[in-house]
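Residues 19 to 402 in the working numbering are what the sequence shown lists, from first letter to last.
A virtual CB, placed ideally from N, CA and C, is assigned to each residue, including glycine.
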Amino acid sequence: MTTNTKKIVTIVGTRPQIIKASAISRAIKASFKNEINEIIVHTGQHYDQNMSKIFFEELGIPNPTYNINVGSGRHGKQTAKMIEGIEEILLKEKPDAVILYGDTNSTIAGSLAATKLHIPIVHIEAGLRSFNKKMPEEINRIACDHMSSMLFSPTKQGILNLKNEGFNTQTNKKATIDKPNIYHCGDIMLDNSMYFAEKEHVSDLMDTLELEEGNYVLCSVHRENNTDTEDNLNNILNALLNCQEKTNLKIVLPLHPRTKKKINQLKNQELVKKITNNINISIIPPAGFLDIISLEKKSRLIITDSGGLQKEAYFFKKPCVILREQTEWVEIVENGNAILTGSNYDKINDAVIHLLSKNDYTYPPIFGDGKAGPLICSKILSDL
């Protein structure tokens, strides 16, 4: 380490954040190991081993120096525990900056702890907006943006959103909370998708689930609005049954632990039996990132309420049904690659039929060139 080395604390707490962090860790190891000292803090927001530990191992990310182990809980209680734990770590480590990803409770907790200690915040995935403030994620991402010194946006729309909120797009020589710099860097997840798609990874899932390439749908459901409202969850499950029957495509459904619990608690146990007993619907535990990439690449269609899977569907040129009323990735909807349906039964079915019959898809480079990680590292060194 040199005297000019910058100490960076990276805060992650969820599966997607762990995956995103791998691109930065990889860039540091490849090109900036003598200039950036990265310390990883895991809040424990995703505490199930299948939802976190496996990702550190298979993506080659350094083990976290700290794990706060907050576990699940109400938003306020969980966030408060994180702030307390993160503050203690920041006081001890005294980093030059804190890197935060996206829009989770770990993100807002990290931003509040860092900004109160006057530590610059680097927000990756800045500027994204669904324009629905009933979503906790929307509040988290807006608040984090306005506490950050460096804001890295994956899309031009993200830059425009920040500009509309009063951010100055002129780059300052030194980025500060009062005069932040915003950058169009491309999507950090494109870095990962390109990198790991080229790696040889033998997945047994295709054989185990008896899947044929292009003959199945990959589905994920985890957002509170879909899992905690019984009517919405019923609609989605019924739509999946109808989709399977009408298209004769198999469905692969990796279940988030919360979603599995909510399904088992449904009053309509007849519906639960139909889903669980359908030999063409494979309900599996949360899969590793490399397995998910393999499933995405070989699927015919993706149905999801996950922000990450929406983008990855685009990366791998798959149509996508979005089980949400709004999305922060408006570009893929405007370009005709995805359709917003919410949990509406008819809209889901109509979207499936439309997307499967459409054959004039285009995939312009909305999300950059897959080199966001090195750009972010270089800007941290030059502008912070």
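Rounded Cβ spacing between residue i and residue j (contact assumed at less than 8 angstroms)
i      : j      : result
Ala305 : Leu223 : 7 angstroms
His136 : Leu118 : Incorrect: roughly 16 angstroms between the Cβ atoms, too far for contact.
Asn282 : Val290 : 7 angstroms
Asn199 : Asn190 : 6 angstroms
Leu251 : Lys280 : 6 angstroms
Lys195 : Met165 : Note that residue 195 corresponds to Ile in the displayed sequence, not to Lys. Sure, about 7 angstroms apart at Cβ, within 8 angstroms.
Pro337 : Lys376 : 7 angstroms
Glu76  : Leu308 : 6 angstroms
Asn353 : Pro383 : Not quite, the Cβ-Cβ distance comes to about 11 angstroms (not below 8 angstroms), so this is no contact.
9 angstroms Cβ cutoff met for residue i and residue j
i      : j      : result
Leu341 : Ile254 : yes
Gly204 : Phe385 : yes
Thr16  : Ile42  : Absent from the model: residue 16. The displayed extent of the chain is 19 to 402, so no value can be given.
Ser361 : Thr265 : no
Ile301 : Ala115 : no
Gly232 : Ser124 : no
Tyr234 : Val270 : yes
Thr61  : Ile79  : no
Leu387 : Met168 : The displayed chain sequence assigns Asp, not Leu, to residue 387. Contact: no.
Ala390 : Leu273 : no
Phe334 : Ala193 : no
Glu343 : Asn150 : yes
Ile310 : Leu284 : no
Thr187 : Lys181 : yes
Thr25  : Pro138 : The residue asked about is misnamed: residue 25 is Lys in this sequence, not Thr. No; because the gap between Cβ atoms is not below 9 angstroms, this pair is not in contact.
Gly120 : Glu155 : yes
Arg147 : Glu346 : yes
Met153 : Asn243 : yes
Contacts around residue i, its chain only, beta-carbon distance under 6 angstroms, and the 5 residues preceding and following it disregarded
i      : result
Met69  : Low per-residue confidence applies at Met69: pLDDT is 49, beneath 50, and the placement is therefore not dependable, though the value from the model is reported in the following sentence. Answer for Met69: Arg33, Pro304, listed in chain order.
Asn298 : Gln262, Lys268
Asn260 : Asn367
Tyr84  : Val59, Ile107
Ile350 : Tyr332, Ala356
Ala45  : Gly391, Pro392, Cys395
Thr133 : Met165
Gln96  : Val88, Asn123
Lys217 : none
Ser221 : Asp309, Ser312
Phe50  : Cys395
Asn158 : Asp121, Thr125, Ile126
Own chain partners of residue i with C-beta closer than 7 angstroms, once the 5 adjacent residues on each side are dropped
i      : result
Ala161 : Ile126, Ser129
Ala131 : Ile101, Ile104, Glu105, Leu108
Lys292 : Leu259
Tyr363 : Asn253, Asn256, Ala257
Ile394 : Ile42, Ile142, Phe170, Cys203
Thr245 : Val239, Leu251, Arg276, Thr277, Lys280
CB contact below 9 angstroms: residue i versus chain D
i      : result
Ile177 : You won't find chain D in this structure, because it holds only one protein chain.
Nonlocal neighbours in the same chain, by C-beta distance under 8 angstroms from residue i, ignoring five residues either side
i      : result
Val348 : Gln175
Val339 : Leu319, Ile320, Ile321, Thr322, Ala356, Ile357, Thr359, Ile366, Ala369, Val370, Leu373
Thr23  : Asn52, Glu53, Ile54, Asn55
Met19  : Residue placement at Met19 is flagged as unreliable, the pLDDT there being 49, under the threshold of 50; the coordinate-derived value follows with that caveat. If we look at Met19 and ignore the five residues flanking it on each side, its Cβ neighbours are Asn52, Asn55.
Tyr379 : Lys335, Pro337, Gly354, Asn355
Glu111 : Lys25, Val27, Ile57
Would the region 229-247 and the region 322-340 be scored as touching if the rule is three or more Cβ pairs under 8 angstroms? With the cut-off at 8 angstroms, the region 229-247 and the region 322-340 touch.
Within the region 326-363, note down every full beta strand (DSSP E) run reaching 3 residues or more, in order along the chain. Within the region 326-363, the complete beta strand (DSSP E) segments of 3 residues or longer fall at 338-340, 356-358, listed in chain order.
Entirely within the region 206-235 and at least 3 residues each: give me those beta strand (DSSP E) ranges in chain order. Unbroken beta strand (DSSP E) stretches of 3 residues or longer found wholly inside the region 206-235: none.
Within the region 101-162, ranges of the beta strand (DSSP E) (whole runs, at least 3 residues): With a minimum length of 3 residues, the continuous beta strand (DSSP E) runs that stay inside the region 101-162 are 115-119, 139-142.
Ignoring anything shorter than 4 residues, give me the alpha helix (DSSP H) runs that lie fully in the region 357-402, in order along the chain. With a minimum length of 4 residues, the continuous alpha helix (DSSP H) runs that stay inside the region 357-402 are 363-375, 390-401.
Meets three-Cβ-pair contact criterion under 8 angstroms: the region 367-380 and the region 347-357: Between the region 367-380 and the region 347-357 there are three or more C-beta pairs closer than 8 angstroms, enough to call the two in contact.
Within the region 20-45, ranges of the alpha helix (DSSP H) (whole runs, at least 4 residues): Complete alpha helix (DSSP H) runs here, min 4: 33-45.
Uninterrupted alpha helix (DSSP H) stretches inside the region 249-281 (no shorter than 4 residues): Listed in chain order, nothing qualifies, since the region 249-281 has no complete alpha helix (DSSP H) run of 4 or more residues.
Which parts of the region 279-315 are runs of the alpha helix (DSSP H), unbroken and 4 residues or longer, counting only runs that do not cross its ends? Runs of the alpha helix (DSSP H) inside the region 279-315: 287-295.
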